[in-house]
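To start, the structure itself, in structure tokens.
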Amino acid sequence: MSKAKTLTPMMQMFVDEYIIDFNGQEAAIRAGYSPKRAAQQAYRLAQDTRITDAIDEAIANRRKRMHITQDQVLIKWWEIANADYNELSSVRRVACGYCYGDTISLDDDDNDNDDSRDIDPTRDPNPDCQMCRGEGSPHVHIADTTKLSPAAKLLYQGAKETKFGIEIQTADRMKALENVARHLGMFKDTVNHVSEDGSMKPVFNIVGVSPDDHSASGDSTE
Ligand SMILES: [Zn+2]
50 MSKAKTLTPM
60 MQMFVDEYII
70 DFNGQEAAIR
80 AGYSPKRAAQ
90 QAYRLAQDTR
100 ITDAIDEAIA
110 NRRKRMHITQ
120 DQVLIKWWEI
130 ANADYNELSS
140 VRRVACGYCY
150 GDTISLDDDD
160 NDNDDSRDID
170 PTRDPNPDCQ
180 MCRGEGSPHV
190 HIADTTKLSP
200 AAKLLYQGAK
210 ETKFGIEIQT
220 ADRMKALENV
230 ARHLGMFKDT
240 VNHVSEDGSM
250 KPVFNIVGVS
260 PDDHSASGDS
270 TE
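50 is the number of the first residue of the sequence shown in the numbering used here; add one for each residue after it.
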């Protein structure tokens, strides 16, 4: 039994148009409803569960055609949420200018200010160094981004030269984690198919996180 069968041809046209741009008013006009009353028509159609079911079904069918499953998208988000920024750039402690003795100039009075210039990023700090006592000097290391792990590749979104140096652009891990949490139903989202302007753009309101909801999924072993 298919609920879509109970739609009139005009309703079906509305559903087909609606999933193009998710604009209810425009979809109603394109489906042949009177432009003057399109907003009210869109509102009325959105109250009809036959319509909303048909929209859900059309979206699911499109996903199937594209061979994309929700699980695949979820896995990508999860990979971004767990990727390590250190793979892109990191602060490392490296040999200071005095660690191995060969860069000290006894004639130079201002050696104290020179250690950043003389650090050796290819060597570890010398534990016996009398200047840094094995702490070394901080050095910002930028990765060869063509050799990143698959997870870090998802995180990496490009780089540009600025007057302050190289700026690495990355995906937002917290946003990715939020997407995963929402996907798993850890937020209580309310979805309204009709926004105040009658455009039927989905409106998402995060009401809050309910810890009780995901304890049922087996995370809690207590
Ligand atoms: Zn040192």
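For glycine and all other residues, C-beta sits at the position ideal for the given N, C-alpha and C.
Predicted, not measured: the structure shown is a model, and the values here were computed from it.
When the options are compared against residue i, the one with the closest alpha-carbon
i, options, result
"residue 105", "64, 182, 192, 83", "64"
"residue 58", "205, 69, 81, 75", "81"
"residue 189", "113, 180, 178, 141", "141"
"residue 194", "92, 136, 112", "136"
"residue 191", "62, 85, 208", "208"
"residue 92", "119, 120, 150, 60", "60"
"residue 150", "139, 182, 125", "182"
"residue 206", "220, 199, 72", "220"
"residue 99", "198, 110, 55, 127", "55"
"residue 197", "234, 213, 187, 138", "138"
"residue 199", "211, 217, 128", "128"
Beta-carbon proximity list for residue i, same chain, < 7 Å, skipping 5 on both sides
i, result
"residue 144", "168, 169, 172, 173, 174, 175, 185"
"residue 108", "68"
"residue 178", "145, 147, 148"
"residue 130", "222, 225, 226, 229"
"residue 79", "66"
Identified DSSP bridge partners for residue i
i, result
"residue 140", "189"
"residue 63", "According to DSSP, residue 63 bridges with nothing at all."
"residue 169", "144"
CB of residue i within 9 Å of CB of residue j, strictly
i, j, result
"residue 103", "residue 201", "no"
"residue 83", "residue 74", "no"
"residue 204", "residue 134", "yes"
"residue 70", "residue 77", "no"
Residue i, enclosing alpha helix (DSSP H) - first and last residue
i, result
"residue 205", "Element bounds for residue 205: not the alpha helix (DSSP H) but the beta strand (DSSP E), 205-211."
"residue 120", "119-131"
"residue 99", "98-114"
"residue 73", "73-79"
"residue 227", "222-232"
"residue 92", "87-95"
Residues near residue i by beta carbon distance below 6 Å, same chain, minus five either side
i, result
"residue 270", "Below a pLDDT of 50, predicted positions are generally treated as unreliable, and residue 270, at 43, falls in that range; the measurement from the model is reported next regardless. Once the five neighbours on either side are set aside, residue 270 has no close Cβ partner at all."
First through last residue of the beta strand (DSSP E) which encompasses residue i
i, result
"residue 216", "214-219"
Other residues of its chain near residue i: CB distance less than 8 Å, five sequence neighbours each side excluded
i, result
"residue 180", "145, 146, 147, 148, 164"
"residue 94", "60, 63, 73, 77, 100"
"residue 119", "112, 232"
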